[in-house]
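See structure below.
Protein chains: 2
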Amino acid sequence: MPTEPVAGLQLSPRARQIVGAARELLEKEGEDALTMRRIADRIGVKAPSLYKHFPDKTAVEVELMAILLEEMAAALEAAEAAAPGSLEALFEAYRGYAVAHPGLYRLGTQKPLPRESLPAGLEERAAAPLFRELGLDEHTGRAAWAFAHGMVVLELAGRFPDGADLDEAWRVGAAAFTR
Amino acid sequence: MPTEPVAGLQLSPRARQIVGAARELLEKEGEDALTMRRIADRIGVKAPSLYKHFPDKTAVEVELMAILLEEMAAALEAAEAAAPGSLEALFEAYRGYAVAHPGLYRLGTQKPLPRESLPAGLEERAAAPLFRELGLDEHTGRAAWAFAHGMVVLELAGRFPDGADLDEAWRVGAAAFTR
DNA sequence: GGTTCTGGTTAACGGTGTTAGCCAGGAACT
DNA sequence: AGTTCCTGGCTAACACCGTTAACCAGAACC
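Chains A and B, in that order, are what the protein sequence lines are.
Its first residue numbered 1, the first sequence is counted upward by one per residue in my numbering.
Its first residue numbered 1, the second sequence is counted upward by one per residue in my numbering.
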């Protein structure tokens, strides 16, 4: 694996520590726990000190979004390597990662992407498997992505009936967009 | 002690006024403007007085969710009546309503539905056109719903590239789930 | 040795949802 | 009529939020 610009690599150690604390808080205690004071507590510092490392809370969240995109891209690339050309496998990886990291997924997904603050090409890399490897045209790719995102977000929000067979819905979706 | 609120029908006039103010705030100024103090201001009252009519902010939001479900159901039913059997027409109505009421749509969509506080059958009514009229099986119905929701939510979050041909993506989706 | 930069601190501001406690007015019962 | 009780306002306050201002200890640099 060549040297990729890993998210947060150019951050100072302290800044990385802040992002790490933010991620732990988000993943272990949920979105409401992601506050500047809680982050500061976790690294043994007072909240205003965080502003010596990030201009505002949004900047911390942007780092979390970058982590999400990067890890999602890695998960999709792995799935593709394991089962080339299978939309179903790609969907499974997508769902698997999102459900394993619900806080991160929702944080990185529900507001506009600050594209300029993100490592160049990261967004494309996350989306690439759908297009490059599967050969979906641009509209089908978008539709398939919307389907996957919709499935995940409805599942995370608890909107499907209890006991609904989501595996089957995913399979139907994969079939619908294949060929 | 009345049973459960039926989309505001059994709310007191004051409570309906509160919900109305909440809706206006949400739709005209966005989700950040939906605060108890702003609602109270709008009807010429102080914030704590709202708690004489609703137990908490969530209860007000639940009424807004009920409104969303009801109006969405009406929009879908109208589309179904105008173009029976057309998934594309249904999708168009779905997208049209959501994009016309983005604040309401997101509010009613991104957290778990408090099903017990909602009028009985409302959720089913909103989902019915997909199943009853189109004859989609349960899994295909769910997949189509996820697609529509994903398309809307990504559009509202500004996640599609500028100038992307979303009409075409919707068309592809409609075709994919039709038979 | 003096200066400057770095990264901490405390105090505070205006905002949030929410609770406690008080009180005026009307309804209802005796 | 007198008393009580309920309704729906009010002010004050609490704990929390993101954020800013002002200050200061220590290390680094000339």
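We put the beta carbon where it would ideally sit given N, CA and C, even for glycine.
Given a threshold of 16 other Cβ atoms within 10 Å of its Cβ, counted over all protein chains shown, does residue i qualify as buried or as exposed?
i, result
"Tyr51 of chain B", "exposed"
"Glu70 of chain A", "buried"
"Glu124 of chain B", "exposed"
"Glu80 of chain B", "buried"
"Gly163 of chain A", "exposed"
"Pro129 of chain B", "buried"
"Gly210 of chain A", "Given that chain A is displayed from residue 1 to residue 179, the structure contains no residue 210 of chain A and the question cannot be resolved."
"Gly85 of chain B", "exposed"
"Ala47 of chain A", "exposed"
"Met1 of chain A", "With a pLDDT of only 37 at Met1 of chain A, under the threshold of 50, the placement of this residue in the model should not be trusted; the figure read from the coordinates follows. Result: exposed."
"Arg23 of chain A", "buried"
"Trp145 of chain A", "buried"
"Arg37 of chain A", "exposed"
"Ala174 of chain B", "buried"
"Ala21 of chain B", "buried"
"Gly108 of chain A", "buried"
"Thr3 of chain B", "Residue confidence is low: Thr3 of chain B scores 32 on pLDDT, short of 50, so the model does not pin down where it sits. Its coordinate-derived value is still stated next. With fewer than 16 other Cβ atoms within 10 Å, it is exposed."
"Ala143 of chain B", "buried"
"Gly150 of chain B", "buried"
Smallest Cα separation from residue i: which of the options?
i, options, result
"Ala75 of chain B", "B:Gly163, B:Phe177, B:Phe91, B:Arg159", "B:Phe91"
"Leu183 of chain A", "A:Ala175, A:Arg95, A:Arg16, A:Ala83", "Any answer about residue 183 of chain A is impossible in this case: the structure gives chain A only from 1 up to 179."
"Arg176 of chain B", "B:Glu88, B:Pro13, B:Val62, B:Val153", "For the record, residue 176 of chain B in the displayed sequence is Ala; it is not Arg. Among B:Glu88, B:Pro13, B:Val62, B:Val153, the Cα nearest to that of Ala176 of chain B belongs to B:Glu88."
"Met72 of chain A", "A:Ala82, A:Gly96, A:Phe54", "A:Gly96"
"Leu166 of chain B", "A:Gly150, A:Val153, A:Gly141", "A:Gly141"
"Ile67 of chain B", "B:Arg106, B:Ala47, B:Ala82", "B:Arg106"
"Thr178 of chain B", "B:Ser117, B:Phe147, B:Gly108", "B:Phe147"
"Arg14 of chain A", "A:Ala33, A:Leu34, A:Ala40", "A:Ala40"
"Glu168 of chain A", "B:His149, B:Trp170, B:His139", "B:His139"
"Ala126 of chain A", "A:Arg42, A:Tyr94, A:Trp170, A:Ala22", "A:Tyr94"
"Gln10 of chain B", "B:Ala78, B:His149, B:Gly150, B:Ser117", "B:Ser117"
Using a Cβ-Cβ distance cut-off of 7 Å, determine whether residue i contacts chain B.
i, result
"Thr58 of chain A", "no"
"Ala21 of chain A", "no"
"Glu29 of chain A", "no"
"Glu124 of chain A", "no"
"Ala196 of chain A", "This structure gives no information on residue 196 of chain A, because the portion of chain A shown stretches from 1 to 179."
"Met72 of chain A", "no"
"Ala169 of chain A", "yes"
"Ala66 of chain A", "no"
"Met36 of chain A", "no"
"Ala127 of chain A", "no"
"Leu154 of chain A", "yes"
"Pro2 of chain A", "Note that Pro2 of chain A has pLDDT 38, beneath the 50 cutoff, so the model's placement of it is unreliable and no number is given."
"Ala157 of chain A", "yes"
Taking CB distances under 7 Å as the criterion, tell me whether residue i reaches chain A.
i, result
"Gly108 of chain B", "no"
"Phe147 of chain B", "yes"
"Gly173 of chain B", "yes"
"Phe177 of chain B", "yes"
"Thr140 of chain B", "yes"
"Ala143 of chain B", "yes"
"Gly96 of chain B", "no"
"Ala89 of chain B", "no"
"Gly121 of chain B", "no"
"Leu50 of chain B", "no"
"Gly135 of chain B", "no"
"Pro161 of chain B", "no"
"Pro5 of chain B", "Because Pro5 of chain B carries a pLDDT of 39, less than 50, the predicted location of this residue cannot be relied on, and the following value inherits that uncertainty. Answer no: the Cβ-Cβ gap between Pro5 of chain B and chain A never drops below 7 Å."
"Pro112 of chain B", "yes"
"Gly103 of chain B", "no"
"Gly44 of chain B", "no"
Name the two residues that bound the continuous alpha helix (DSSP H) containing residue i.
i, result
"Thr140 of chain A", "138-156"
"Lys111 of chain B", "Where Lys111 of chain B is concerned, there is no enclosing alpha helix (DSSP H), given that its DSSP letter is neither H nor E."
"Val45 of chain B", "It is not in any alpha helix (DSSP H) - Val45 of chain B carries neither H nor E in the DSSP assignment."
"Asp167 of chain A", "166-177"
"Gly20 of chain B", "13-29"
"Lys57 of chain B", "57-82"
"Leu34 of chain B", "From DSSP, Leu34 of chain B is part of no alpha helix (DSSP H); its letter is neither H nor E."
"Glu133 of chain B", "Counting along the chain, Glu133 of chain B falls outside any alpha helix (DSSP H), and DSSP gives it neither H nor E."
"Arg159 of chain B", "Premise fails: Arg159 of chain B is in no alpha helix (DSSP H) and is neither H nor E."
"Phe91 of chain B", "87-100"
- Message: Within 8 Å, do at least three Cβ pairs link the region 128-140 of chain B to the region 53-63 of chain B?
- Response: no
- Message: With three or more beta-carbon pairs closer than 8 Å as the criterion, would you say the region 18-33 of chain B touches the region 97-107 of chain B?
- Response: yes
- For the region 150-161 of chain B and the region 108-123 of chain A, state whether three or more C-beta atom pairs, one from each stretch, are separated by less than 8 Å. yes
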